[in-house]
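This report concerns only the one structure given below.
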Amino acid sequence: MNLLDAKVITTKTGLEIYVDFIETSEIRKVCIPTIDVPFYEIQFGIKYFLLRKEKYYDGHRSYFSICMNNDFTRITLKEPETESLFAVKSQDERQATQTLLGEWFIKTNAYKESIKEVIKEVKKENVYTEKDIQHTVETVKFLEKLLELTSSDIQNAPLKIANSLQMTTTS
Numbered sequence: 011m012n013l014l015d016a017k018v019i020t021t022k023t024g025l026e027i028y029v030d031f032i033e034t035s036e037i038r039k040v041c042i043p044t045i046d047v048p049f050y051e052i053q054f055g056i057k058y059f060l061l062r063k064e065k066y067y068d069g070h071r072s073y074f075s076i077c078m079n080n081d082f083t084r085i086t087l088k089e090p091e092t093e094s095l096f097a098v099k100s101q102d103e104r105q106a107t108q109t110l111l112g113e114w115f116i117k118t119n120a121y122k123e124s125i126k127e128v129i130k131e132v133k134k135e136n137v138y139t140e141k142d143i144q145h146t147v148e149t150v151k152f153l154e155k156l157l158e159l160t161s162s163d164i165q166n167a168p169l170k171i172a173n174s175l176q177m178t179t180t181s
């Protein structure tokens, strides 16, 4: 018998139910620093079930990014413009979501396995130039660093609203 690892957040729209299944975690993109964008970024999609007050449920996939500076000393969570995991939530609900990411999501098999799968894919890519090799090495280094994140790293990270210079913290 397998014990199901799940978490629930109560929001004004209903109960968000998060389950630790590999299919519930998706990596949409991975970026390494460039001249224009000087930080690492990975965007995750998390599938969850929303149990509405009207007694029905449906599945949703929402997104957020983890960003790190060049030397991996500063972490920021970032909301995408659309389909944000933090969208239409009160400040308390946003804090509960960030706590969920720190205390539960980064410890799930779904999180770890999705990153390990991308590491395997990146290592299999054909590299032809020194620039390709450097890109692969930097990407793998970033992905491996993500596997070392702690709960406090995520919970203490500021939350950046997409396309905004404003940084807001949810702690």
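So the sequence shown is numbered by the working numbering: it starts at 11 and just counts up by one.
Backbone N, C-alpha and C define an ideal beta-carbon position, used for all residues, glycine too.
| query | result |
| --- | --- |
| Would you call the CB atoms of Ile52 and Val40 closer than 8 angstroms? | yes |
| According to DSSP, simplified to helix, strand and coil, what is Thr179? | Since pLDDT at Thr179 reaches only 36, below the 50 mark, its modelled position is unreliable, and the value read off the structure follows with that caveat. Correct three-state label for Thr179: coil. |
| With C-beta atoms as the reference, is Phe54 less than 8 angstroms away from Phe74? | yes |
| Give me the Cβ distance between Leu169 and Glu91, rounded to the nearest whole Å; I'm assuming they're in contact under 8 angstroms. | With a Cβ gap of about 14 angstroms, Leu169 and Glu91 do not count as contacting. |
| Ordered along the chain, which non-local residues of its own chain (more than five positions away) have a Cβ less than 8 angstroms from that of Val150? | Ile129, Val132, Lys133 |
| Please report how far the alpha carbon of Ile27 lies from the alpha carbon of Pro43, in whole angstroms. | 34 angstroms |
| State whether the segment 107 to 118 contacts the segment 146 to 162, with contact taken as three or more CB pairs (one from each stretch) at a distance under 8 angstroms. | yes |
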